[in-house]
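To convert a position in the sequence shown, counted from 1, into the working numbering, add 234. For every residue, glycine included, the Cβ atom is placed at its ideal position computed from N, Cα and C. All remarks here apply to the structure that follows.
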Amino acid sequence: MPSVFRFKPPQNNMTHKLSFRIFLIVLSASLFVLSSCDKDKPGGGGLNLFTIADDKAFGAQVAAEIDGGAKTYPILDSASKPAAYAYLYGIRDSILNTGVVVHKDDFDWRLRIIHDDSVLNAFCTPGGYIYVYTGIIKFLSAENEFAGVLGHEIAHADERHSTQALTKAYGIDVLFSILLGDNQGTLSEIAKSLISLSYSRDNETESDKRSIEYLNPTAYDARGVARFFEKIIASGGGSGPQFLSTHPNPDNRVEAIMAYWETLGSKTGETYETRYKQFQNSLPK
Ligand SMILES: [Zn+2]
């Protein structure tokens, strides 16, 4: 049961509903003041009225909507492609097992492949339900590049940017109403539009940095996420409009990632291109 239940206003009682809203506004204002002092901490710098349990419950609801929406998100059945899923979970585990992911044991970190080669994107719901398109899998050319992108998406959920972005887009009372099961229509809308959810530039920068931090203790060359952006630039940007529309691309993004990589010790390592190619070839055309 989501912990938000404690906030549920009595039905048909406008006074209580009004107090509930005032309570939220005052709480929002207090947290905003507090969070402004806290920008350098993981997950800091943004308003977030959700608890960790709320993130999980909300994410599970959104994931169930996505999984049921075969037209919007044609998911590759994990039972029909066990080797491909095992490969992706291996990459995920190499990131989770570093101990750097804050909510490693709190969130599900479940993976789903969406079979659409035309979409160069990946996203993660609150609570760590990860979706990757075959388009981005096929665009990349090495396992560490995929791990870099996966790390970036994991960071959005781990730092709870996804909850912050949804709060900004829909309002916290709408999110709470979904948690309470009172707003199926908006839940469906959110599930359909998650791919176009925009993050702030600060959140993008933070996720890029966390990707380097996640890969640093692994066998991977930690520059995977920078290689992804270099490939986008090399392709003229035309191959990645969806990713770039939801992941705003400051001019110096690659430079910023590389500078951070250097400050953390310039960790080189494996790229695993051969086995990544085998994984790509195992996917449907
Ligand atoms: Zn992003």
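What separation, rounded to the nearest whole angstrom, lies between the Cα atoms of residue i and residue j?
{"i": "Ser445", "j": "Ser434", "result": "17 Å"}
{"i": "Thr359", "j": "Thr306", "result": "16 Å"}
{"i": "Gly499", "j": "Tyr454", "result": "14 Å"}
{"i": "Ala317", "j": "Tyr506", "result": "17 Å"}
{"i": "Lys501", "j": "Glu393", "result": "23 Å"}
{"i": "Phe410", "j": "Arg344", "result": "23 Å"}
{"i": "Asp288", "j": "Arg509", "result": "38 Å"}
{"i": "Ser469", "j": "Leu374", "result": "12 Å"}
{"i": "Thr397", "j": "Ile491", "result": "24 Å"}
{"i": "Gly503", "j": "Lys315", "result": "28 Å"}
{"i": "Ile429", "j": "Gly324", "result": "24 Å"}
{"i": "Ala414", "j": "Ala403", "result": "For clarity, residue 414 is Leu in the given sequence; the question names Ala instead. Taking the straight line joining both Cα atoms gives about 19 Å."}
{"i": "Thr452", "j": "Thr420", "result": "39 Å"}
{"i": "Asn378", "j": "Thr401", "result": "32 Å"}
{"i": "Gly303", "j": "Asp339", "result": "28 Å"}
{"i": "His337", "j": "Ile467", "result": "32 Å"}
{"i": "Thr439", "j": "Gln418", "result": "33 Å"}
{"i": "Ile329", "j": "Ser422", "result": "31 Å"}
{"i": "Val366", "j": "Ile348", "result": "6 Å"}
{"i": "Lys519", "j": "Ile364", "result": "22 Å"}
{"i": "Ala298", "j": "Ala399", "result": "20 Å"}
{"i": "Asn355", "j": "Phe292", "result": "22 Å"}
Find the nearest neighbour of residue i within the set the options, judged by alpha-carbon distance.
{"i": "Asn450", "options": "Thr497, Ala317, Lys465 and Trp343", "result": "Thr497"}
{"i": "Lys465", "options": "Tyr319, Ser352, Ala376 and Thr420", "result": "Ala376"}
{"i": "Arg326", "options": "Arg346, Ile309, Pro308 and Lys315", "result": "Arg346"}
{"i": "Ala460", "options": "Gly470, Asp436, Ala493 and Gly303", "result": "Ala493"}
{"i": "Leu322", "options": "Ser422, Val383, Thr439 and Asn486", "result": "Val383"}
{"i": "Asp342", "options": "Leu400, Leu283 and Ala294", "result": "Ala294"}
{"i": "Ala456", "options": "Gln398, Ala381 and Ser516", "result": "Ala381"}
{"i": "Ser532", "options": "Asp416, Leu413, Gln398 and Phe357", "result": "Outside the shown range of the chain (235 to 519) lies residue 532, about which nothing can therefore be said."}
{"i": "Lys443", "options": "Val408, Ser422 and Glu489", "result": "Glu489"}
{"i": "Ile309", "options": "Asp350, Lys519 and Gly458", "result": "Asp350"}
Beta-carbon separation of residue i and residue j under 8 Å?
{"i": "Asn286", "j": "Ala425", "result": "Here residue 286 turns out to be Ile, not Asn, going by the sequence shown. In this structure, Ala425 does not lie closer than 8 Å to Ile286 by Cβ."}
{"i": "Ala389", "j": "Ser441", "result": "yes"}
{"i": "Lys372", "j": "Gln512", "result": "no"}
{"i": "His386", "j": "Asn437", "result": "no"}
{"i": "Tyr448", "j": "Val334", "result": "yes"}
{"i": "Leu283", "j": "Ile412", "result": "no"}
Apart from the five residues on each side of it in sequence, which residues of its chain come closer than 7 Å, Cβ to Cβ, to residue i?
{"i": "Ser523", "result": "In the structure as shown, the chain starts at 235 and stops at 519, and residue 523 therefore has no counterpart that could be examined."}
{"i": "Leu517", "result": "Ala318, Thr368 and Ile371"}
{"i": "Thr332", "result": "Tyr448, Pro451 and Thr452"}
{"i": "Val408", "result": "Asn417 and Thr420"}
So, for residue i: in the same chain, excluding its five sequence neighbours on each side, which residues have a beta-carbon less than 6 Å away from its beta-carbon?
{"i": "Lys290", "result": "Gly361"}
{"i": "Arg487", "result": "Phe463"}
{"i": "Ala391", "result": "Cys358 and Gly362"}
Near residue i, what residues of its chain come up, given a Cβ to Cβ distance below 8 Å and the 5 sequence neighbours on each side ignored?
{"i": "Trp495", "result": "Ile446, Ala456, Arg457, Ala460 and Lys501"}
Does any heavy atom of ligand 2 sit closer than 7 Å to the C-beta of residue i?
{"i": "Ser441", "result": "Among the ligands in the structure shown, ligand 2 does not appear; only ligand 1 can be found there."}
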